[in-house]
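Residue numbers (my numbering), protein chains in the order written: chain Y, 1 to 229; chain G, 1 to 229; chain R, 1 to 229; chain C, 1 to 229; chain E, 1 to 229; chain S, 1 to 229. This report concerns only the one structure given below.
There are 6 protein chains.
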Amino acid sequence: MKVLALGAHPDDIEIFMFGTLAACAALGAELAFAIATDGAKGGKVDPAALVKARREEATEAAGLLGVTPRFLDFPDGALVADAALIGALKALISEVQPDLAITHAPNDYHGDHRALSDALRIAASFAVPVLHADTLGGTGFSPTHYVDISAHADLKAKAIRSHRSQDPERFVDGARTLNAFRARQCNGAPGALAEAFRFEPVFPFADIRELLPPAPPMRPVTVSTKTVS
Amino acid sequence: MKVLALGAHPDDIEIFMFGTLAACAALGAELAFAIATDGAKGGKVDPAALVKARREEATEAAGLLGVTPRFLDFPDGALVADAALIGALKALISEVQPDLAITHAPNDYHGDHRALSDALRIAASFAVPVLHADTLGGTGFSPTHYVDISAHADLKAKAIRSHRSQDPERFVDGARTLNAFRARQCNGAPGALAEAFRFEPVFPFADIRELLPPAPPMRPVTVSTKTVS
Amino acid sequence: MKVLALGAHPDDIEIFMFGTLAACAALGAELAFAIATDGAKGGKVDPAALVKARREEATEAAGLLGVTPRFLDFPDGALVADAALIGALKALISEVQPDLAITHAPNDYHGDHRALSDALRIAASFAVPVLHADTLGGTGFSPTHYVDISAHADLKAKAIRSHRSQDPERFVDGARTLNAFRARQCNGAPGALAEAFRFEPVFPFADIRELLPPAPPMRPVTVSTKTVS
Amino acid sequence: MKVLALGAHPDDIEIFMFGTLAACAALGAELAFAIATDGAKGGKVDPAALVKARREEATEAAGLLGVTPRFLDFPDGALVADAALIGALKALISEVQPDLAITHAPNDYHGDHRALSDALRIAASFAVPVLHADTLGGTGFSPTHYVDISAHADLKAKAIRSHRSQDPERFVDGARTLNAFRARQCNGAPGALAEAFRFEPVFPFADIRELLPPAPPMRPVTVSTKTVS
Amino acid sequence: MKVLALGAHPDDIEIFMFGTLAACAALGAELAFAIATDGAKGGKVDPAALVKARREEATEAAGLLGVTPRFLDFPDGALVADAALIGALKALISEVQPDLAITHAPNDYHGDHRALSDALRIAASFAVPVLHADTLGGTGFSPTHYVDISAHADLKAKAIRSHRSQDPERFVDGARTLNAFRARQCNGAPGALAEAFRFEPVFPFADIRELLPPAPPMRPVTVSTKTVS
Amino acid sequence: MKVLALGAHPDDIEIFMFGTLAACAALGAELAFAIATDGAKGGKVDPAALVKARREEATEAAGLLGVTPRFLDFPDGALVADAALIGALKALISEVQPDLAITHAPNDYHGDHRALSDALRIAASFAVPVLHADTLGGTGFSPTHYVDISAHADLKAKAIRSHRSQDPERFVDGARTLNAFRARQCNGAPGALAEAFRFEPVFPFADIRELLPPAPPMRPVTVSTKTVS
């Protein structure tokens, strides 16, 4: 079992799917990370210095799961689902031979996220099923699968915080809020966290339940136990 | 402008739509509340005592907006979209003459919520547009409209807390979490709260924007301003 | 873990979901069967005799999994999602306390199937998640979950054949064709069979993967190994 | 080939589907009309007199196609998809034995239209495919089938005008505007009129093209032939 | 408040969204127009002459609202959502800094419209919300927002008529028919006109009501006031 | 009447739509075939030899319907919906002038299929309606139109078998299983076969029924005629 995570920018894997990847690893899965753009636009500093810093940050974060990320080095802010990107993704899939690929949803907020998602739709062909991660803030997203990441919350926060150049606390907070919300949609126990995904059946991948770590455990809804004064 | 809020149980209006109703009132709208069931099953105490207590609690909560709620008194836990309920809702609409009705979504978690929503679909006919409130936890819900309730958060919490028999802090927390999440989906400012709704166009109600208080103000997404060390 | 199967007529559980129930049982789940109508219209013979015969047939079929079915005895061909049916289903759920309920899809071919599905939508409330079985012939149905029933095919055929009054070979054939087709959609191995289902997330049931037996194992698509002459 | 048209009120068949029924008749189909309510609320006059007048008007309109309408006589403004209505519709279908049933869409503007549509969904069972007519004004409606009624426009107008008690010119105008619009969606020739419908595949009715008269003929889109001065 | 209108050809802004732009301007919004192609294929005359004539026509039409249009000058009939187009649109957005962008729907009739819509989906990223205009004839389009353009009908007609090379009366007629139809879907007053749009929530743009001029005012549906003779 | 079939690889037309094309021809339609890629990756042999062999196979198969296929010769496994492919398709449509184009669905299993479908969406513009063929195994596909190919089953099998390099019996079997399943969804007679398609209305093509050969004839569902012993 091998999972390929693809993010448009150096910190996207950490923000959108790191908990699930940690859960996969805990279950024995092998992981591969690929980062589509160089991240040169993620700040108001010298682009070359930023690219170098973010590469180090991404390497540090991935290292928390023992992974050395691949950098595709397309220019930040200019990703297009064209032959170059699709070809690079096909080569990546051919090399990695993943059982599952996880990337951004096609309607996520950032044009680069959308382009990467579009390109992977073609590149994945029938070689690997593609799972779409929750959008930023969950806006316009209807999940079909949830993964309990409660046991991996600290590691996810640490991974996001590796991205020091990105003012990461806002993403730690944003991700925790989103993950807490997704856990609540499953009626998860207090403190539970979950990442949510969407999967569309495509031959030969009609049901990929076995590829994903479990959802938060089911819990009954309870009524008030208050007495009436 | 008159808004009719319909909840299945005595505390549903408060949990699911009170902030929006407060915002409507602040804009000068007249409000009417109707509670479909007697709430006899919302606890492990004597049903008759519970019905009485919850009626008082609902009256107190509605009173925060100067409203005297109507009680339709159908049995809790047994709501069905049949002629009796539909007839009662038609009579209510005929009497109140609302410009907008807000109730539960047809796929909300509780069978009573679903039945009330189904019944109102028929009863509303072409007399009043029906807006569906967010489901419990937002599960399975895709909003089309958001209402900024930041200015009414304290009143909403107070209204929910009026329902002392229901162990209300869990609902105060749940509602705040959901409302904070919905505000984030609009990129609302820190601390912003929003209630989310879904509307399906039906003649003669194709666009009901004018009936709803405003969404959270638009805010740009910003990139990191960190320097690279 | 307890699964409640609900069929509109005495042979519906067998045709639409028996393989999955057998797989659940093999994993240790407890099963309960409920049959909504008396089946009096399933033939051109004396209704009372038919009802008696079909009750025996259903009892025999359920017995293959060690289950004694419950008969709700509503009149065949006249099922309506009204207070009587919804009430009966609520009582059933309250008694059985299932972790999962499986019934017909709301757009299945038979009016009784649709009515039962509609009624269960209300009756299930937040007590139990409802899974919808494949429609007859799969017409108009988009599955979200698949269950591998290859190991239970003979038992399913035997269960259907228990319904001697119903000219059962046509249903054995129909079910096998549908189940073979659903397995192919997963690229199942030659001879694999699967039953397909649809689930819509509703609080507190956002992801019910853990409640279902596994899908057919994933298999890669292969290209031709023929030589070119 | 027999077509059963079902309207909630005495003039609904004429407004929403009369052109298609005329086209069916012109192709040799047998027609049957059923009117669910007595129409007592369609005006501000004495209900009994109105019921009588509308019955005569409906009889006159249906007579234009040689049809004697059936009156189910449920109370106007109070239609509910309950056992009484569903039972009446089942009896009607059993008697008429139609190959196709046409009625209102489940999201049409009038509660009675919605209830009739809901009830027919159950009552039709697997006996007859149900086609949903365009909603009032086409609001919230996505057609799947179009029928060219250009040759039957005058008869449709005459049929609507038979409903003298209903101030019918507004409906003649409204229907013509809608029908002209639907023809334009097919790029129909100038003056073409079409009625639009929606069909959802349900076993055994997956493709009902053969049951419907033809759509407006296809016409290419042309570019300007103007010269540039 | 600044609105960027993007049309594939020199007359598209006028036909599909000019009324709304006029309404925006009347409310004080600043406008910017961009035309993606040179329009060389919109006729059977010399392409270079046509390009020149259409540029003048578009300039004249935009001038009615005090706008000087930008011409992106991609070849007519060959628009593709590739890096060149997406890059040009990103540059445009970066320069104009709009609060709202309006363009064609992704399923509009013309390949160039589809390509422009696809490209803007990527280019808009999280910088600006994208609103999709009604398709030609409204075919396959489900609006979510309506804008009352009754007060701007003459100006819209004049703008379309500026495109003398395009045989514009057919578009004046087509647009008025569509706009009258959309107003009727809102039960607009006699003579009312509306343009219809579709918006899909994407972070940070979950509810953009405040960016759009109002819909036609709500009006009740009335029953007949005829007496029965 | 002219139908243009477009397949991504040399055997796709035969597998996915040959029966319908044979039915079109039998009704007098003229046919044109276009194959987007050279098929160099459909085996483990020398690509150049494979390309040559597959070209001959495709020519032989198309010849069964008297058609000489066009080869667009894009590289197998690398199809992208870019200007080159879209331009080639536009040129093809301009030359062939078809009344209907049939190609793969945008969510079919193979990246090349998806890319061809995406490209044709732009290239078809308003010149020709595009019909999407069933996906491989029908996974994730909701048909809107069915075509009875029972009378053309042998010819379809023969056409698939022309592709000797592709180990064709597996596709003969797969196609027959899918086609039998689709016929069953229409309750087709025993032995009936159907191909299924999906069409989305786009101006000026709102209803294309007249362009398609008939669906399997409608047949009633029958109940058991067994006696009860």
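C-beta: ideal position from N, C-alpha, C; glycine also.
Determine the direct distance from the alpha carbon of Asp207/G to that of Phe141/E, and round the result to whole angstroms. Position 141 of the fifth sequence, counting from 1, holds the residue named residue 141/E. Position 207 of the second sequence, counting from 1, holds the residue named residue 207/G. A straight-line Cα-Cα distance of about 15 Å links Phe141/E and Asp207/G.
Taking DSSP as the reference, what is the three-state secondary structure of Ile102/E? One-based indexing of the fifth sequence puts residue 102/E at position 102. It is a strand residue.
Can you tell which of Pro75/C, Leu79/C and Pro143/C has the C-alpha that lies nearest to the C-alpha of Pro47/C? Position 47 of the fourth sequence holds residue 47/C. It is Pro75/C whose Cα lies nearest to the Cα of Pro47/C.
Just verifying my parser: in three-state terms, what is the DSSP assignment at Val45/E? The residue you call residue 45/E lines up with position 45 of the fifth sequence. Judged by DSSP in its simplified three-state form, Val45/E adopts coil rather than helix or strand.
Let me check understanding here. Comparing Cα to Cα, which of Pro216/E, Lys52/E, Phe126/E and Thr135/E lies closest to Pro150/E? As a working note, residue 150/E is residue 150 in the fifth sequence. Residue 150/E is actually Ser in this sequence, not Pro. Per the Cα distances, Pro216/E.
Flag Asp82/R as yes if its beta-carbon sits less than 9 Å from any beta-carbon of chain C, otherwise no. Counting from 1 along the third sequence, the entry for residue 82/R is found at position 82. Under the Cβ criterion of 9 Å, Asp82/R is counted among the residues facing chain C.
Gly42/R and Pro10/R: beta carbons closer than 9 Å? In the third sequence, the residue the question calls residue 42/R occupies position 42. In the third sequence, the residue the question calls residue 10/R occupies position 10. With contacts defined as CB atoms closer than 9 Å, Gly42/R and Pro10/R qualify as a contacting pair.
Based on Cα-Cα distance, which residue from Ala133/S, Val221/S and Pro201/S lies nearest to Asp108/E? Walking along the fifth sequence from the start, residue 108/E turns up at place 108. Closest by C-alpha distance to Asp108/E, out of Ala133/S, Val221/S and Pro201/S, is Pro201/S.
Chain E partners of Arg184/C, CB-CB under 7 Å? Position 184 of the fourth sequence holds residue 184/C. Correct list: Gly137 and Thr177.
Where does Ala175/R land, buried or exposed, given buried means 16+ other C-beta within 10 angstroms? The residue labelled residue 175/R in the question sits at position 175 within the third sequence. Ala175/R comes out buried.
Is Ser117/R close to chain S, meaning its C-beta is less than 9 Å from at least one C-beta of that chain? Here residue 117/R is taken as the residue at index 117 of the third sequence, counted from 1. No, no contact with chain S.
Suppose contacts are defined by Cβ-Cβ distances below 9 Å. Is Val67/G in contact with Ala101/G by that definition? Walking along the second sequence from the start, residue 67/G turns up at place 67. Walking along the second sequence from the start, residue 101/G turns up at place 101. The Cβ atoms of Val67/G and Ala101/G do not sit closer than 9 Å to each other.
Look at the alpha carbon of Leu65/S and the alpha carbon of Leu27/S, and state the distance between them as a whole number of angstroms. Within the sixth sequence, the letter at position 65 stands for residue 65/S. Within the sixth sequence, the letter at position 27 stands for residue 27/S. Rounded to the nearest angstrom, the gap between the Cα atoms of Leu65/S and Leu27/S is 12 Å.
Those residues which DSSP pairs with Ile35/R across a bridge: Residue mapping note: residue 35/R aligns to position 35 of the third sequence, counting from 1. In the DSSP assignment, the residues bridged to Ile35/R are Gly7/R and Phe71/R.
If you count every other CB in all the chains shown that lies within 10 Å of the CB of Gln185/R, and 16 or more means buried, which is it? Position 185 of the third sequence, counted from the first residue, corresponds to residue 185/R. That one is buried.
Looking only at its chain, what residues have a beta carbon closer than 7 Å to the beta carbon of Pro98/R, apart from the 5 residues adjacent to it on each side? Walking along the third sequence from the start, residue 98/R turns up at place 98. Residues Lys2, Val3, Leu4, Ala32 and Val128 of the same chain have their beta carbon placed closer than 7 Å to that of Pro98/R, with the five preceding and five following residues left out of the count.
With DSSP as the reference, label Arg219/E as helix, strand or coil. Residue 219/E sits at position 219 when you count from the first residue of the fifth sequence. In this structure, DSSP gives Arg219/E a state outside helix and strand, which the three-state scheme calls coil.
Apply the 10 Å Cβ neighbour rule to Asp154/G and answer buried if 16 or more other Cβ atoms are within range, or exposed otherwise. Translated into positions along the second sequence, residue 154/G becomes position 154. Asp154/G sits exposed, since fewer than 16 C-beta atoms from the chains shown fall within 10 Å of its C-beta.
Looking at Phe199/Y: is its Cβ nearer than 9 Å to the Cβ of His113/Y? One-based indexing of the first sequence puts residue 199/Y at position 199. One-based indexing of the first sequence puts residue 113/Y at position 113. With contacts defined by Cβ atoms closer than 9 Å, Phe199/Y and His113/Y do not form a contacting pair.
Can you name the residues that DSSP bridges to Phe197/R? Taking the third sequence and counting its residues from 1, one reaches residue 197/R at position 197. Answer is Ala133/R and His145/R.
Going by Cα to Cα distance, which pick from Leu89/R, Gly111/R, Thr177/R and Leu92/R is closest to Gly138/R? Within the third sequence, the letter at position 138 stands for residue 138/R. Measuring C-alpha to C-alpha distances from Gly138/R to each of Leu89/R, Gly111/R, Thr177/R and Leu92/R identifies Thr177/R as the nearest.
Strictly under 9 Å for the Cβ-Cβ distance: is Phe126/R near chain G by that measure? The count along the third sequence starts at 1 and reaches residue 126/R at position 126. Contact of Phe126/R with chain G is assigned, a C-beta pair being separated by under 9 Å.
If the cut-off is 9 Å on Cβ atoms, which residues from the segment 202-222 of chain C count as contacting chain S, listed in chain order? Taking 9 Å as the Cβ-Cβ cut-off against chain S, the residues of the segment 202-222 of chain C that qualify are Phe203, Pro204, Phe205, Ala206, Asp207, Ile208, Arg209, Glu210, Leu211, Leu212, Pro214, Ala215, Pro216, Pro217, Met218, Arg219, Pro220 and Val221.
Check each residue of the segment 85-117 of chain E: if its Cβ is closer than 8 Å to any Cβ of chain Y, include it; give the result in chain order. Ile86, Gly87 and Lys90: these are the residues of the segment 85-117 of chain E whose beta carbon lies less than 8 Å from some beta carbon of chain Y, given in chain order.
Along the chain, where does the alpha helix (DSSP H) containing Gly19/G start, and where does it finish? Numbered from 1 along the second sequence, position 19 holds the residue referred to as residue 19/G. That run of the alpha helix (DSSP H) goes Asp12 to Ala26.
How far does the alpha helix (DSSP H) with Leu85/Y in it reach, from first residue to last? Working through the first sequence from its first residue, we reach residue 85/Y at position 85. First-last of the alpha helix (DSSP H) with Leu85/Y: Ala83 to Val96.
What residues in its chain sit with their C-beta under 8 Å from that of Ala115/G, if we drop five residues either side in the sequence? Position 115 of the second sequence, counted from the start, is the residue given in the question as residue 115/G. Counting only Cβ-Cβ distances below 8 Å, and skipping sequence neighbours, we find Ala8, Leu79, Val80, Ala81 and Leu85.
Are the CB atoms of Ala124/C and Leu72/C nearer to each other than 9 Å? Here residue 124/C is taken as the residue at index 124 of the fourth sequence, counted from 1. Here residue 72/C is taken as the residue at index 72 of the fourth sequence, counted from 1. No, Cβ-Cβ distance for Ala124/C and Leu72/C is not below 9 Å.
Alpha-carbon spacing of Ala192/E relative to Pro214/E, whole angstroms: As a first step, residue 192/E must be located in the fifth sequence, where it is residue number 192. As a first step, residue 214/E must be located in the fifth sequence, where it is residue number 214. Approximately 13 Å between the Cα atoms of the pair.
Does Gly43/S get closer than 9 Å to chain Y when you measure Cβ to Cβ? One-based indexing of the sixth sequence puts residue 43/S at position 43. It does not; no Cβ of chain Y falls within 9 Å.
By a C-beta neighbour count over all protein chains shown, 10 Å radius and 16 as the cutoff for buried, is Pro220/G buried or exposed? Working through the second sequence from its first residue, we reach residue 220/G at position 220. Per the 10 Å Cβ criterion, exposed.
So Ala127/S is in the alpha helix (DSSP H); what residue range does that whole segment cover? By 1-based counting over the sixth sequence, the position of residue 127/S is 127. According to the DSSP assignment, Ala127/S belongs to no alpha helix (DSSP H), since it is labelled neither H nor E.
For a contact meaning CB atoms closer than 7 Å, what does Ser142/E contact in chain C? Counting from one through the fifth sequence, the residue named residue 142/E turns up at place 142. Chain-ordered, the chain C residues with CB closer than 7 Å to the CB of Ser142/E read Ser142.
Would Thr37/G and Phe197/G be called neighbours here (beta carbons separated by less than 9 Å)? In the second sequence, residue 37/G corresponds to position 37, counting from 1. In the second sequence, residue 197/G corresponds to position 197, counting from 1. It is not a contact, given that the beta carbons lie outside the stated cut-off.
For a test of the three-state rule: what should DSSP assign to Phe205/S, helix, strand or coil? In the sixth sequence, the residue the question calls residue 205/S occupies position 205. Of the three classes helix, strand and coil, the one that applies to Phe205/S here is strand, per DSSP.
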